[in-house]
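**Q** At position 407 of the sequence shown (counting the first as 1) the number is 511 in the numbering used here, and the numbers step up by one without a gap.
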Amino acid sequence: MATEYAPELGRIPIRHLSPVSPENRWSSKAYVGEVVPFEATVFREGHDLLGVRLLLTDPSGKTTTHVMHGVAPGTDRWRTEAKLDSEGQWTWRVRAFGDDWATWLHNAEIKIPARVDVELMITMGRQLLARAGTRKIVQDAIAAFDDESLSADAKLEVALDPRLTAAIEARPLASLITESDTFSIRVERERAGVGSWYEFFPRSEGAKRLKDGTWVSGTFRTAARRLPAVVAMGFDVLYLPPIHPIGYQFRKGPNNTLVTAPGDPGSPWAIGSADGGHDAVHPDLGTVKDFSYFLGQAKKAGIEVALDFALQASPDHPWVTEHPEWFTTLPDGSIAFAENPPKKYQDIYPINFDNDPEGIRAEVLRLLRYWIGLGVRIFRVDNPHTKPLQFWEIVLHEINSEFPDVVFLAEAFTRPAMLQSLAQVGFQQSYTYFTWRNTKDELAEFFESISHETSAFLRPNLFVNTPDILTEYLQFGGVPAYRIRAGLAATASPSWGVYAGYELFEHVARPGSEENIDNEKYEYKLRDWAGAEKAGRSLAPYLTRLNEIRAEHPALRQLRNLDVHWSDDDSILVYTKYLAGAYAPGGRPDAIIVVANVDPHSVRETTVHLDLTRLGLDPDARFTVHDLLSGDTFEWGRDNYVRLDAFTQPMHILHVEYPRGR
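1) Would you decide whether E429 is buried or exposed? Buried here means 16 or more other CB atoms lie within 10 Å of its CB.
2) I281 and L331 look like a contact to me (Cβ under 8 Å); what is the Cβ gap, rounded to whole Å?
3) Given this structure, state the Cα-to-Cα distance separating F609 from L160, to the nearest angstrom.
4) So, helix, strand or coil for R119, using DSSP?
5) Taking I696 and A659 to be in contact with their CB atoms under 8 Å, please state how far apart those CB atoms are, rounded to whole angstroms.
6) Do we get a CB-CB distance below 8 Å when we pair L344 with the residues of chain D?
7) Once the 5 residues before and after L415 are set aside, which same chain residues still bring their CB inside 7 Å of it?
8) According to DSSP, is L153 helix, strand or coil?
9) CB-CB under 6 Å to E546, same chain, minus the five flanking residues each way: which ones, in chain order?
10) Could you tell me which residues DSSP puts in a beta bridge with R183?
11) Is it buried or exposed for G591, if we count other Cβ within 10 angstroms and need 16 for buried?
12) Nearest-angstrom Cα distance between T711 and L758?
13) Taking the alpha carbon of V480 as the reference point, which residue from V409, L434, D420 and Q533 has its own alpha carbon closest?
14) Using 10 angstroms around the beta-carbon of K299, count the other beta-carbons present and answer buried if the total reaches 16, otherwise exposed.
15) Assuming the contact rule is C-beta atoms closer than 8 Å, A585 and L578 should be a hit. Round their C-beta distance to whole Å, please.
16) Are there 16 or more other CB atoms within 10 angstroms of the CB of L411, so buried, or fewer, so exposed?
17) Go ahead and pull the three-state DSSP assignment for M337.
18) For the beta strand (DSSP E) that I289 lies in, which residues bound it at each end?
19) By the three-class DSSP mapping on this structure, what secondary structure does D731 have?
20) Specify the secondary structure class of G477 as computed by DSSP and reduced to three states.
21) Leaving out five residues before and five after L254 in sequence, what residues of the same chain have Cβ atoms less than 7 Å from its Cβ?
22) Could you tell me the distance, in whole angstroms, from the CA atom of P615 to the CA atom of I621?
23) Please name the residue, chosen from F495, A256, D152 and G338, that lies closest to P461 on a Cα-to-Cα basis.
24) Helix, strand or coil for N459 per DSSP?
25) Any idea which residues DSSP pairs H713 with across the strands?
26) For D736, does the count of other Cβ atoms within 10 angstroms reach 16, so buried, or fall short, so exposed?
27) Go ahead and label Q662 buried or exposed: buried means 16 or more other beta carbons lie within 10 angstroms of its beta carbon, across all protein chains shown.
28) Let me know the alpha helix (DSSP H) ranges lying completely inside the stretch 257-324, each 4 residues or longer, listed in chain order.
29) On the three-state DSSP scale, how would you describe H373?
30) Given a cut-off of 8 Å on the beta-carbon distance, is the pair I588 and V702 in contact?
31) Could you tell me whether the Cβ atoms of W600 and W301 are closer together than 8 Å?
32) Since N651 is in the alpha helix (DSSP H), which residue starts that stretch and which ends it?
33) Helix or strand or just coil, what does DSSP make of D545?
34) By the 10 Å Cβ neighbour count, where 16 or more other Cβ atoms means buried, how is V363 classified, buried or exposed?
35) Which class does Q753 belong to by DSSP, given the choice of helix, strand or coil?
36) Along the alpha helix (DSSP H) that carries Y577, what are the first and last residues, could you check?
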């Protein structure tokens with residue numbers, strides 16, 4: 105005898121829900137203050153109307169109901185938004201039902217004026233009102249339906265009263281109630297999704313070159329003197345490359361050479377020497393007490409410190425002798441060093457995570473807890489894609505279960521499957537392909553992707569440069585390229601980052617490499633910040649203004665609200681970020697329109713075209729915009745002329761001035 109089949113679908117199909125992490129293996133993600141769109145495809149047979157609701161439960165167990173509305177007619181797609189305002193595990197599900205009153209009202213509006221089934225429609229309406237409860241507005245409607253002196257048209261007018269509609273919508277006359285599965289969203293602190301990052305090497309801040317050509321390293325205490333200037337530019341996260349002892353064997357010299365001179369500091373990523381490993385600080389920088397002082401000064405200045413966490417070792421690391429099984433031994437007895445052909449990193453031994461996974465994991469957890477205990481709450485993880493995904497799934501789960509406020513940024517310049525999976529298993533943020541997306545079409549596709557396709561689980565941090573990445577766009581684009589890239593990064597994502605030297609337009613590459621010549625990874629770097637700014641050769645005022653704009657406009661601190669619009673020029677990129685008044689401080693909507701000339705070598709004139717409904721405006725509305733960079737004011741509408749000179753004004757960042765009362 106055949107067993108009874110259990111259908112996968114409820115009476116009313118509810119499908120393709122979002123936000124959901126692929127395969128629903130892990131929670132989707134949000135951060136405190138993020139406005140999250142919830143969507144589902146809901147449909148049924150026939151022509152009866154549906155009601156769809158989001159049931160959202162916060163970490164305290166309180167459930168709120170949100171009306172979902174149909175979007176894109178003909179697609180059966182329903183949507184609503186909700187601002188998630190507290191940390192913890194949220195859950196949500198979608199409820200669908202036959203909306204009996206809306207169905208009747210729709211039919212009644214057609215049949216009664218046409219004098220079709222009039223008495224039947226009035227009787228059916230009266231029966232539905234009897235189900236609607238004892239509220240006065242409902243009882244008044246029932247009385248009107250029972251009043252034989254009123255015409256059918258008058259009774260229809262009663263049924264169409266907005267007050268009655270609102271009362272019934274609050275308690276729908278529902279049938280065939282169906283609910284979806286329950287999904288979870290992990291809501292983390294705001295810094296997990298919003299931040300302006302700045303990277304510097306503490307050994308360069310305060311370093312001195314002596315008359316004999318040798319160097320004296322900067323320290324945590326001299327580096328602390330740079331903090332006020334970084335904060336003054338509006339940055340709220342300071343990322344430090346590894347601060348640990350550096351190995352001597354195969355130490356790299358200037359420009360990644362194998363020839364070193366006495367005093368060459370080596371790469372901070374070649375971690376470990378006789379002075380210690382990952383739980384030690386480089387003696388040139390000071391002591392653990394000095395590092396704690398640096399953390400304290402950063403906190404006073406209003407900036408968080410992110411520490412590099414690089415799971416690799418120099419040949420001099422204590423692990424090499426204490427745990428040789430943690431590395432790969434070649435047939436000739438030597439230990440394999442890191443390679444990314446044609447690049448060779450003779451000064452770094454990668455860890456073999458399959459040789460002693462439990463032992464390695466225990467050591468990594470010990471190290472993370474050690475630095476967390478000192479006050480570090482943000483880690484930038486070096487090359488996480490070269491370690492097993494399962495390893496990160498376990499480690500991140502353990503750490504974030506114990507320390508929910510800890511944030512991990514994945515330096516995952518890798519294939520999409522790995523990059524996205526790292527985000528799904530727990531990394532709060534990730535580097536992306538932004539640095540290599542330069543044309544209008546490339547950027548439009550990329551921005552749509554990070555804002556909509558992967559936003560349920562991946563939070564992009566748009567670094568404009570790194571010690572390893574100096575793209576051709578920056579090498580040959582001059583000052584305009586630096587302005588364009590910073591403006592795009594600061595407005596397209598809630599998190600963005602800058603590596604020191606960007607504000608000085610350091611653009612000369614090492615021959616045959618996509619990185620700066622005289623790279624700071626291998627030597628000290630002295631920069632005359634004050635002199636450059638005094639001479640007008642610094643981008644610091646521009647970076648400061650970008651961060652001010654981000655602070656002033658909450659729409660720019662959202663991830664999922666970016667919409668790409670259109671222009672008639674193949675180098676003019678147009679996008680908006682909009683935050684409805686229901687979610688904005690003060691209850692007024694906030695909208696930013698970005699128009700960027702992404703060709704740093706040209707002057708462009710064109711017409712840009714906007715879908716104004718994306719900004720909460722009528723399609724043919726006229727309105728005032730204020731350029732937050734130049735100070736200019738314009739009257740705009742759906743179609744607008746722009747002229748952008750890459751050398752003087754490569755982009756507009758326009759704030760829409762909504763009328764009072766909106």
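Where a beta carbon is used, it is the ideal one built from N, C-alpha and C, also for glycine.
**A** Result, derived from the coordinates:
1) Counted from its first residue, the sequence shown places residue 429 at position 325. So E429 counts as exposed.
2) Translated into the one-based positions of the sequence shown, residue 281 becomes position 177. Translated into the one-based positions of the sequence shown, residue 331 becomes position 227. About 57 Å separates the two Cβ atoms, so there is no contact after all.
3) On the sequence shown, residue 609 is found 505 positions in, with the first residue counted as 1. On the sequence shown, residue 160 is found 56 positions in, with the first residue counted as 1. Approximately 48 Å, taken between the alpha carbons.
4) For the purposes of this step, residue 119 is taken as the residue at position 15 of the sequence shown. Note: R119 maps to strand in three-state DSSP.
5) Numbered from its first residue, the sequence shown carries residue 696 at position 592. Numbered from its first residue, the sequence shown carries residue 659 at position 555. Contact flag correct, Cβ pair sits at about 5 Å.
6) The chain inventory of the structure shown lacks chain D, comprising one protein chain alone.
7) Walking along the sequence shown from the start, residue 415 turns up at place 311. Closer than 7 Å at the Cβ level, and outside the excluded window around L415, lie I455, V468 and K491.
8) Here residue 153 corresponds to residue number 49 of the sequence shown, with the count starting at 1. Coil, per DSSP.
9) Residue mapping note: residue 546 aligns to position 442 of the sequence shown, counting from 1. Hits under 6 Å: none found.
10) As a first step, residue 183 is located in the sequence shown; it is residue number 79 there, counting from the start. E143 and H173, per the DSSP bridge assignment.
11) What you label residue 591 is simply residue 487 of the sequence shown in a count that begins at 1. By the neighbour-count rule (16 or more Cβ atoms within 10 Å), G591 is buried.
12) As a first step, residue 711 is located in the sequence shown; it is residue number 607 there, counting from the start. As a first step, residue 758 is located in the sequence shown; it is residue number 654 there, counting from the start. When rounded, the distance between both Cα atoms is 15 Å.
13) Within the sequence shown, residue 480 is the residue found at index 376, counting from 1. Here the closest residue by C-alpha is V409.
14) Counting from 1 along the sequence shown, the entry for residue 299 is found at position 195. It is Gly, not Lys, that sits at residue 299 in the sequence shown. Looking at its Cβ environment, which holds 16 or more other Cβ atoms inside 10 Å, G299 is buried.
15) Position 481 of the sequence shown, counting from 1, holds the residue named residue 585. Position 474 of the sequence shown, counting from 1, holds the residue named residue 578. Between L578 and A585 the Cβ distance is about 5 Å, and since that is below 8 Å, they are a contact.
16) Position 307 of the sequence shown, counting from 1, holds the residue named residue 411. Buried.
17) In the sequence shown, the residue the question calls residue 337 occupies position 233. If DSSP states are grouped into helix, strand and coil, M337 belongs with coil.
18) Looking up residue 289 in the sequence shown gives position 185. From DSSP, the beta strand (DSSP E) with I289 extends over F287 to E292.
19) Position 627 of the sequence shown, counted from the start, is the residue given in the question as residue 731. The answer is strand: DSSP assigns D731 an E or B state.
20) Translated into the one-based positions of the sequence shown, residue 477 becomes position 373. Three-state result, G477: helix.
21) The residue labelled residue 254 in the question sits at position 150 within the sequence shown. Around L254: A248.
22) For the purposes of this step, residue 615 is taken as the residue at position 511 of the sequence shown. For the purposes of this step, residue 621 is taken as the residue at position 517 of the sequence shown. Taking the straight line joining both Cα atoms gives about 8 Å.
23) The count along the sequence shown starts at 1 and reaches residue 461 at position 357. P461 has its Cα closest to that of F495, out of F495, A256, D152 and G338.
24) Taking the first residue of the sequence shown as 1, we reach residue 459 at position 355. N459 falls in the coil class under three-state DSSP.
25) Here the question's residue 713 lines up with position 609 in the sequence shown. DSSP lists W670 and D743 as partners of H713.
26) Locating residue 736 in the sequence shown gives position 632, counting from the first residue. So D736 ends up on the exposed side.
27) Here residue 662 refers to the residue found at position 558 when the sequence shown is read from its first residue. Under this definition Q662 is a buried residue.
28) 266-274
29) For this step, residue 373 is matched to residue 269 along the sequence shown. One point to set straight first is that residue 373 is Trp, not His, in the sequence displayed. Coil, per DSSP.
30) Counted from its first residue, the sequence shown places residue 588 at position 484. Counted from its first residue, the sequence shown places residue 702 at position 598. Contact: yes.
31) Position 496 of the sequence shown holds residue 600. Position 197 of the sequence shown holds residue 301. In this structure, W301 lies closer than 8 Å to W600 by Cβ.
32) Counted from its first residue, the sequence shown places residue 651 at position 547. That run of the alpha helix (DSSP H) goes A644 to E656.
33) In the sequence shown, the residue the question calls residue 545 occupies position 441. D545: helix per DSSP, three-state reduction.
34) Residue 363 sits at position 259 when you count from the first residue of the sequence shown. So V363 counts as exposed.
35) As a working note, residue 753 is residue 649 in the sequence shown. Three-state DSSP puts Q753 in a strand.
36) Start at 1 with the first residue of the sequence shown, and residue 577 comes out as number 473. Y577 -> alpha helix (DSSP H) spans E576 to A596.
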